[in-house]
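Respectively, the protein sequence lines represent chains A and B.
Heads up, the first sequence is in full-length UniProt numbering, so the first residue is 1 and it goes up one at a time.
Heads up, the second sequence is in full-length UniProt numbering, so the first residue is 1 and it goes up one at a time.
Take a look at the structure below.
Protein chains: 2
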Amino acid sequence: MARSNRKPEVDYAAAAKRWAESNSSGRKPTMQDVAHLAGVSKKTISRIINDSPSVNEVTRRGIQQLIREIGYRPDPQARGLASKRSFLVGLITDNPTPQYVVNIQHGILDVLRQTGYELVVHPCDRKSDSFLEDAKRFIEVQKLYGVILTPSVSEDERLAEELRELGCAYIRIASIALDMESRMIVTNDREGGKAAARHLAKLGHTRIACVTGRRSFRSSTERIAGFEEGLAEHGLSVLPEYMLGGDYTFESGLALGADLLDLDPPPTAVFAANDEMAAGILQALHVAGRTPPDSLSVVGFDDFETATRVWPRLTTARTPARKIGRLAAERLFEFYDGDREIVAENETIPELVERDSTRRPSH
Amino acid sequence: MARSNRKPEVDYAAAAKRWAESNSSGRKPTMQDVAHLAGVSKKTISRIINDSPSVNEVTRRGIQQLIREIGYRPDPQARGLASKRSFLVGLITDNPTPQYVVNIQHGILDVLRQTGYELVVHPCDRKSDSFLEDAKRFIEVQKLYGVILTPSVSEDERLAEELRELGCAYIRIASIALDMESRMIVTNDREGGKAAARHLAKLGHTRIACVTGRRSFRSSTERIAGFEEGLAEHGLSVLPEYMLGGDYTFESGLALGADLLDLDPPPTAVFAANDEMAAGILQALHVAGRTPPDSLSVVGFDDFETATRVWPRLTTARTPARKIGRLAAERLFEFYDGDREIVAENETIPELVERDSTRRPSH
DNA sequence: CTGAAAGCGCTTACAG
DNA sequence: CTGAAAGCGCTTACAG
Numbered sequence: 001m002a003r004s005n006r007k008p009e010v011d012y013a014a015a016a017k018r019w020a021e022s023n024s025s026g027r028k029p030t031m032q033d034v035a036h037l038a039g040v041s042k043k044t045i046s047r048i049i050n051d052s053p054s055v056n057e058v059t060r061r062g063i064q065q066l067i068r069e070i071g072y073r074p075d076p077q078a079r080g081l082a083s084k085r086s087f088l089v090g091l092i093t094d095n096p097t098p099q100y101v102v103n104i105q106h107g108i109l110d111v112l113r114q115t116g117y118e119l120v121v122h123p124c125d126r127k128s129d130s131f132l133e134d135a136k137r138f139i140e141v142q143k144l145y146g147v148i149l150t151p152s153v154s155e156d157e158r159l160a161e162e163l164r165e166l167g168c169a170y171i172r173i174a175s176i177a178l179d180m181e182s183r184m185i186v187t188n189d190r191e192g193g194k195a196a197a198r199h200l201a202k203l204g205h206t207r208i209a210c211v212t213g214r215r216s217f218r219s220s221t222e223r224i225a226g227f228e229e230g231l232a233e234h235g236l237s238v239l240p241e242y243m244l245g246g247d248y249t250f251e252s253g254l255a256l257g258a259d260l261l262d263l264d265p266p267p268t269a270v271f272a273a274n275d276e277m278a279a280g281i282l283q284a285l286h287v288a289g290r291t292p293p294d295s296l297s298v299v300g301f302d303d304f305e306t307a308t309r310v311w312p313r314l315t316t317a318r319t320p321a322r323k324i325g326r327l328a329a330e331r332l333f334e335f336y337d338g339d340r341e342i343v344a345e346n347e348t349i350p351e352l353v354e355r356d357s358t359r360r361p362s363h
Numbered sequence: 001m002a003r004s005n006r007k008p009e010v011d012y013a014a015a016a017k018r019w020a021e022s023n024s025s026g027r028k029p030t031m032q033d034v035a036h037l038a039g040v041s042k043k044t045i046s047r048i049i050n051d052s053p054s055v056n057e058v059t060r061r062g063i064q065q066l067i068r069e070i071g072y073r074p075d076p077q078a079r080g081l082a083s084k085r086s087f088l089v090g091l092i093t094d095n096p097t098p099q100y101v102v103n104i105q106h107g108i109l110d111v112l113r114q115t116g117y118e119l120v121v122h123p124c125d126r127k128s129d130s131f132l133e134d135a136k137r138f139i140e141v142q143k144l145y146g147v148i149l150t151p152s153v154s155e156d157e158r159l160a161e162e163l164r165e166l167g168c169a170y171i172r173i174a175s176i177a178l179d180m181e182s183r184m185i186v187t188n189d190r191e192g193g194k195a196a197a198r199h200l201a202k203l204g205h206t207r208i209a210c211v212t213g214r215r216s217f218r219s220s221t222e223r224i225a226g227f228e229e230g231l232a233e234h235g236l237s238v239l240p241e242y243m244l245g246g247d248y249t250f251e252s253g254l255a256l257g258a259d260l261l262d263l264d265p266p267p268t269a270v271f272a273a274n275d276e277m278a279a280g281i282l283q284a285l286h287v288a289g290r291t292p293p294d295s296l297s298v299v300g301f302d303d304f305e306t307a308t309r310v311w312p313r314l315t316t317a318r319t320p321a322r323k324i325g326r327l328a329a330e331r332l333f334e335f336y337d338g339d340r341e342i343v344a345e346n347e348t349i350p351e352l353v354e355r356d357s358t359r360r361p362s363h
């Protein structure tokens, strides 16, 4: 049984067996137990679970095996207390679209799973007076490992500033770069707007309306700006009176959809800055007895469930929310690892999905 | 400055001032600091933050004020480490409807906000081999204060058993009582099904179809059973060949909606066990060139966003998800407080919302 | 590459 | 009603 390496003194398999036999009570092993069984100090076990490079390779392998066999799980609370940093990732959102939020969550969890980190959700109201204070307390008290921010909280400069002061890693998901590359996932909504415009222009539309989100939402201004750029490529533009201001809700789409019908001459197509408003426009048409896309083509943005539930099914620019969540989480961990090179993507491009809500203008 | 009570020895306001002056570095106060300033032991501070009754009232008031003034926040990690219980509530879900999940989350957070507890989300796949093991590790490693389970994981007896063995408080949200009262929030889907049946019967429908969810989903069997009970009150029933088996997805509704059109004689109304399938049926009708509810009335279940996005807007039985989440969280904390009397509701009744997808049969 | 000592900020168990 | 001591399970900072 000659070993090819030194350090044959410790038989880790036997140690595991010893533990199993002496632990009839089913007590969970602690770092102390592992250290004792392996004949090393706690510090060495600590180095191993923290992936410190300075541990003898043979020792490391053996102890990793031992850890697996006896089912040792480091206590996140103890680690947190000692290191002043928890194993929790915070997701701060103020986005009202459940489909977006849940998909982002799933994307983040795709990365967190099996890492020992958990996701703590924190919806908030950015307009509340205590917003900043609440967020600060949440981050500080929980000693979050890092935070992921979705639009529109991601656009809040004061919150980003606060995070930096607290020394908390964060990733901002937004339609344009608002921060250093290592802290951004950019969704490039402008390109999605462009794609929507090109699609309508190619179908032959010329009298085209827009329903925007609030001006304070960067995603909306980007989507609309992209749309206008795309139209301009074809020598087209949106007349000022065809530019209607919504707020990303279905209800605003429903109300503005009715307004759209009163426009003279009527537009033959409309681009809504998100699917919820596009769905509202479709419903307004149904209420008025129209059968879209007969007299009006409608393009949305996001491609969440709503897009395929409505009739006709929406042509829309897709926001790949789950992927965005995944990228954000990957970047968060790279950021913190510091020296590892950043290789993950940090940008997504919306892709236009053509369905039944758009067709050539009928005349 | 005579005080009406003994214990005038400690001037807490002065103590707070002293802290503010001596703490120019901005260090967060710890329990030790508070104890020192108040001239008591840590144990007394501990009693106060844990609402222990055995503290002198005057002392308690003064120290609570002191705590507020110097901004002391107990460290959840340290508390967790010492007490072997974290300040985290887990939400274990395997429900694919984002609108449900997000609303439940919001309901739970309505209760958790300002308590210091945080919500950790844990979507899972109940069919996975490692499901039970994963859940166990999550609960154990994080030392969760408690867990809230939504359908269908809430229906898993092995998981409930596991939770009991781990000594972890839990609340099951389900359509019927599956556990002791203190561990259940019952949604009574059966009543919703009944209401749907009565509505259709009153409109004069007699040839009525059903689209069910999977038989393994209790909510579906309850909804359908309630529906049949409601019909029976009016001497009606669903013919076996009018009973179609879906799986709660939009896609299954779309496929079965097409099948519905081939039935001879055709039904004049259909009850789908959730909105997603009802939306699928509506779309199948549109695809076939029908204009519901002309030839077919459709009733759904849930009243999530989808219900009002589709055309015609769905008549449906409402699942008050946010309220359900709130009740579950309230119950979770009562359960743990032990001796407090349980007064919160533990049951919700779906309410029928009448919209445009149902009308009298046309003949 | 490895370890001994001290400490993170609380609670527990006990004593009075 | 209150407190002194020990300990929860780790990491840090230092030393070698």
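Ideal Cβ placement from N, Cα and C applies to all residues, glycine included.
Tell me, please, whether the CB atom of E354 of chain A is closer than 8 Å to any CB atom in chain B? By the rule that beta-carbons nearer than 8 Å mark a contact, E354 of chain A does not touch chain B.
List the DSSP bridge partners of V299 of chain B. B:F271, B:T315
If we cut at 8 Å on Cβ distances, does F250 of chain A have a partner in chain B? yes
Closer than 7 Å between beta carbons: that is the criterion. Which residues of the segment 105–134 of chain B meet it against chain A? Q105, H106, L109, E118, L119, V120, V121, P123
In chain order, what residues of the UniProt domain "HTH lacI-type" (29–83) of chain B put their CB closer than 8 Å to some CB of chain A? R73, D75, P76, Q77, A78, G80, L81
Exposed or buried, what is A278 of chain B when buried is set at 16 or more other beta-carbons lying within 10 Å of its beta-carbon? buried
List the residues of chain A whose Cβ lies closer than 8 Å to the Cβ of W311 of chain B, in chain order. L282, Q283, H286, V310, W311
L236 of chain A in three-state terms, based on DSSP: coil
Euclidean distance between Cα positions of R360 of chain B and T306 of chain A: 28 Å
Using three-state DSSP, classify R172 of chain B as helix, strand or coil. Correct three-state label for R172 of chain B: strand.
So the beta strand (DSSP E) I92 of chain B belongs to, where does it begin and stop? 88–93
Enclosing alpha helix (DSSP H) for V10 of chain A [first to last residue]: Unbroken run through V10 of chain A: none, as it is neither H nor E.
Using 8 Å for Cβ pairs, my map puts E123 of chain A next to L109 of chain B. What's the rounded Cβ distance? Contrary to the premise, residue 123 of chain A reads as Pro rather than Glu in this sequence. 7 Å between Cβ atoms; contact.
Where R331 of chain A and S128 of chain B are concerned, what is the direct C-alpha to C-alpha distance, given to the nearest angstrom? 28 Å
Alpha carbons only, please: which of B:D275, B:V101, B:D94 is nearest the one belonging to A196 of chain B? B:D275
A288 of chain B, enclosing beta strand (DSSP E) - first and last residue: First-last for A288 of chain B: undefined, no H or E at that position.
Whole-number beta carbon distance between L296 of chain A and P267 of chain A, since they are thought to touch under 8 Å: Contact flag correct, Cβ pair sits at about 7 Å.
Could you tell me the boundaries of the beta strand (DSSP E) in which E157 of chain A lies? Premise fails: E157 of chain A lies in the alpha helix (DSSP H), 157–166, not in any beta strand (DSSP E).
Note down, in chain order, each residue of its chain lying with its Cβ closer than 6 Å to the Cβ of I63 of chain B, except the 5 sequence neighbours on either side. A38, I48
Which partner residues does V211 of chain B have in the DSSP bridge list? B:L244, B:A272
Residues of chain B with a CB under 7 Å from the CB of S86 of chain A: which are they? Q77
Report back the beta-carbon spacing between I208 of chain B and Y242 of chain B to the nearest angstrom; my notes put them in contact at under 8 Å. 7 Å
What does a CB cutoff of less than 6 Å around S362 of chain A pick up in its chain, not counting 5 residues either side in sequence? none
Same chain, Cβ closer than 6 Å to A284 of chain B, neighbours up to 5 away in sequence not counted: Counting only Cβ-Cβ distances below 6 Å, and skipping sequence neighbours, we find L254, G257, A258.
According to DSSP, is I26 of chain B part of a helix, a strand, or is it coil? Sequence check: residue 26 of chain B is Gly here, not Ile. Coil at G26 of chain B, not helix or strand.
Option nearest F217 of chain B by Cα separation, candidates B:T249, B:S46, B:G71: B:T249
Can you find the residues in the same chain that come closer than 6 Å, C-beta to C-beta, to A269 of chain A, ignoring five residues on each side of it along the sequence? L200, H205, I208, S297
Return the bridge partner residues of V121 of chain B from the DSSP annotation. DSSP lists B:L91 as the bridge partner or partners of V121 of chain B.
Of all the options B:P293, B:R73, B:A174, B:R215, which has the alpha carbon lying nearest to the alpha carbon of K143 of chain A? If we check each option's Cα against that of K143 of chain A, B:R73 comes out closest.
If the criterion is Cβ atoms closer than 8 Å, does the pair D247 of chain A and E222 of chain A meet it? no
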